[in-house]
Amino acid sequence: MSSKTVSLENISSENLIVAKFGGTSVADHQAMLRCAHIIKEQPNNKLIVVSASSGVTNLLVRLSQANIPDDEQKQIVEKIKDIQLNITQHLALEERLNTEINQLLNELSLDAKAQSVSHSARVSDAILSYGEQLSSRIFAQVLQSIGVNGEYFDVRQVMKTNDLYGKAVVDLAALKTNSEQLLIPHLQEKVIVTQGFIGQNNSEQTTTLGRGGSDYSAALLAEAVNASNLAIWTDVVGIFTTDPRITDQARAIKEISFGEAAEMATFGAKILHPATLIPAMRQNIPVFVGSSKEPEKGGTRIQKSVASKPTYRSISLRREQTLVTVKSPAMLHASGFLAKLFAVLAKHKLSVDLITTSEISVAMTFDNPTGSTQALLNSTVVEELEQLCEVSVEHDLSLIAVVGNSIHQTNGVGTSVFDALSGVNVRMICQGASEHNLCFLVDENQANEAVEKLHKALFPEF
Ligand code: ADP
Ligand code: ASP
Ligand code: MG
5 MSSKTVSLEN ISSENLIVAK FGGTSVADHQ AMLRCAHIIK EQPNNKLIVV SASSGVTNLL
65 VRLSQANIPD DEQKQIVEKI KDIQLNITQH LALEERLNTE INQLLNELSL DAKAQSVSHS
125 ARVSDAILSY GEQLSSRIFA QVLQSIGVNG EYFDVRQVMK TNDLYGKAVV DLAALKTNSE
185 QLLIPHLQEK VIVTQGFIGQ NNSEQTTTLG RGGSDYSAAL LAEAVNASNL AIWTDVVGIF
245 TTDPRITDQA RAIKEISFGE AAEMATFGAK ILHPATLIPA MRQNIPVFVG SSKEPEKGGT
305 RIQKSVASKP TYRSISLRRE QTLVTVKSPA MLHASGFLAK LFAVLAKHKL SVDLITTSEI
365 SVAMTFDNPT GSTQALLNST VVEELEQLCE VSVEHDLSLI AVVGNSIHQT NGVGTSVFDA
425 LSGVNVRMIC QGASEHNLCF LVDENQANEA VEKLHKALFP EF
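Quick note on the working numbering: the sequence shown kicks off at 5 and runs consecutively.
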């Protein structure tokens, strides 16, 4: 591993950088100012993608639900207004921006009212989009306040998607041509500030790309404008060996390959949205991850090839997993059982995450971030499955993934991992399908303990 401190100074100065600032980085005026200075100090930061100010999207999620009482709706809109006005009070606000913010908050109230009368996925996405619409306008003004020529750009002009509200799929070809026409020409003379997370379908309705989607938006934009680098500014000084909130033994990784980082993100390392590295890998765009609070500390550089490929790179944790085990003696030597099983799941649009099988049983995990899978499994799916086999459903599990290199070919991995976990009830184990990871389930209430124990064993202090 390179011992050099990685910082944006290492990025060549002729090039175009897309920089994404997450929720905590644009949480308040101080935080926004820090980000503005990062941009000012490295003038190649030309296209800026921002998330909603910290906490705003969670409030909007509540507002997007059905049957929210009038009083609560008003309170939520007021809270959002407070978060944003706490920032704008430090700015000499142009009248135009003041009007736009008020207009957006009024539209939000109207959408929330409509949603409580008749709930729709379309209005839900419209509601969720206000956080980024507000923060990007305000951030452009913060840039101007320190003399950077920042200009707001509505990403929906270029980020065209399908109709899948809540998890919309981006039209890459349209993004590319729209960016060439509408975005790239402005990057010469201005710093463009735009929104992560949101897009627009063919009927000109606002869509969203899924929670945490701003990282992915930034990577897609980096690909579309042919950026030389993508910088993800967040609240930690890079990618760590595990979530630093779980153990203070976690340490920052200086360099990591696309493949390793993608695996970490897929298995729940919240630091990056799981899809972020797909566009970066396609276009071979190095990604930097650092802290907007401590930019001088450098961060992690993610790129195609790295000097070191250790057996153990990191431990990821994904909570709220549901395990479904189906059992049927009919499976033994019979063909067609799995096909019937998957037909039921496909009919209900349930996507299986991990799967293991024995002669007469199949164990499957489902990611359950919003409780939606849980709700579905509680309903007719289980009844339909019960017509085929015995079914058991267990909630409140966590998926732990040990990410590394050639894990499938390295002797002693199983022993090191499972010896470290004595006292932890380990459930379904998956290894072999990927060369980069070994993963298993544990009870939710033992998840932190399991990660701490594993981290101690696999990443001992030097
Ligand atoms: P942002 O709002 O900037 O997108 P997120 O909260 O989505 O930030 O992601 C940053 C958080 O990811 C960190 O505060 C950290 O707790 C968590 N995290 C999870 N796994 C890791 C990891 N392996 N390395 C660093 N941070 C991690
Ligand atoms: N604001 C959105 C969310 O909180 C998107 C993002 O921050 O990446 O999920
Ligand atoms: Mg994030």
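Where a beta carbon is used, it is the ideal one built from N, C-alpha and C, also for glycine.
As the structure is a prediction and not an experimental result, all values here were calculated from the model.
Buried or exposed by the 16-neighbour rule on C-beta atoms within 10 Å, applied to residue i
i: residue 148; result: buried
i: residue 24; result: buried
i: residue 347; result: exposed
i: residue 121; result: exposed
i: residue 50; result: buried
i: residue 212; result: buried
i: residue 275; result: buried
i: residue 326; result: buried
i: residue 396; result: exposed
i: residue 114; result: exposed
i: residue 17; result: Because the pLDDT of residue 17 is 40, which lies under 50, any placement of that residue in the model is unreliable, and the question is left without a value.
i: residue 302; result: buried
i: residue 449; result: exposed
For residue j and residue i, the rounded distance between their alpha carbons
i: residue 38; j: residue 297; result: 7 Å
i: residue 447; j: residue 195; result: 47 Å
i: residue 7; j: residue 258; result: Confidence at residue 7 is low in this model, with a pLDDT of 34, below 50, so its placement is unreliable and the value that follows should be read with caution. Going from the Cα of residue 7 to the Cα of residue 258 covers about 8 Å.
i: residue 349; j: residue 385; result: 7 Å
i: residue 452; j: residue 160; result: 40 Å
i: residue 315; j: residue 409; result: 5 Å
i: residue 238; j: residue 55; result: 10 Å
i: residue 64; j: residue 324; result: 21 Å
i: residue 443; j: residue 433; result: 6 Å
i: residue 201; j: residue 140; result: 12 Å
i: residue 58; j: residue 329; result: 38 Å
i: residue 78; j: residue 186; result: 37 Å
i: residue 332; j: residue 371; result: 24 Å
i: residue 246; j: residue 98; result: 44 Å
i: residue 345; j: residue 322; result: 25 Å
i: residue 107; j: residue 53; result: 22 Å
i: residue 399; j: residue 366; result: 16 Å
i: residue 295; j: residue 255; result: 14 Å
i: residue 429; j: residue 455; result: 13 Å
i: residue 35; j: residue 223; result: 22 Å
i: residue 9; j: residue 22; result: Residue placement at residue 9 is poorly supported in this model, since its pLDDT is 33, which falls under 50; the coordinates still yield a value, given next. One C-alpha to the other measures close to 21 Å.
i: residue 244; j: residue 319; result: 9 Å
i: residue 198; j: residue 181; result: 17 Å
i: residue 406; j: residue 369; result: 17 Å
i: residue 60; j: residue 87; result: 8 Å
i: residue 460; j: residue 317; result: 13 Å
i: residue 514; j: residue 188; result: Only positions 5 to 466 of the chain appear in the structure, and residue 514 is not among them; the question remains open.
i: residue 146; j: residue 40; result: 7 Å
i: residue 29; j: residue 144; result: 14 Å
i: residue 229; j: residue 179; result: 9 Å
i: residue 13; j: residue 262; result: No answer about residue 13 holds up, because its pLDDT of 41 lies below 50 and its placement is not dependable.
Cβ-heavy atom distance, residue i to the ligand MG, below 7 Å
i: residue 219; result: yes
i: residue 216; result: yes
i: residue 294; result: no
i: residue 26; result: yes
Those residues which DSSP pairs with residue i across a bridge
i: residue 368; result: 328 and 359
i: residue 138; result: Per DSSP, none; premise fails for residue 138.
i: residue 257; result: Per DSSP, none; premise fails for residue 257.
i: residue 204; result: 164 and 210
i: residue 49; result: 21
i: residue 233; result: 21
i: residue 316; result: 408
i: residue 473; result: The structure shown has nothing for residue 473, since the chain only spans 5 to 466.
Near the ligand ADP: residue i beta-carbon under 7 Å from a heavy atom
i: residue 301; result: no
i: residue 140; result: no
i: residue 249; result: yes
i: residue 239; result: yes
i: residue 268; result: yes
i: residue 275; result: yes
i: residue 212; result: no
i: residue 52; result: no
i: residue 131; result: no
Near the ligand ASP: residue i beta-carbon under 7 Å from a heavy atom
i: residue 143; result: no
i: residue 272; result: no
i: residue 82; result: no
i: residue 56; result: yes
i: residue 61; result: yes
i: residue 201; result: yes
i: residue 263; result: no
Residue i CB to nearest heavy atom of the ligand GTP below 7 Å
i: residue 362; result: Summarising the ligand content, the structure contains the ligand ADP, the ligand ASP and the ligand MG and does not contain the ligand GTP.
Between the segment 280–291 and the segment 411–430, do three or more beta carbon pairs fall short of 8 Å? no
At least three beta-carbon pairs within less than 8 Å, the segment 40–50 to the segment 82–97: In short, these stretches do not touch, since the Cβ pair count stays below three.
Is it the case that the segment 212–228 contacts the segment 68–75, given that we only count it when at least three CB pairs across the two stretches are under 8 Å? No contact exists between the segment 68–75 and the segment 212–228.
Do the segment 165–174 and the segment 204–211 meet, that is, are 3 or more Cβ pairs less than 8 Å apart? They touch, by the three-pair rule.
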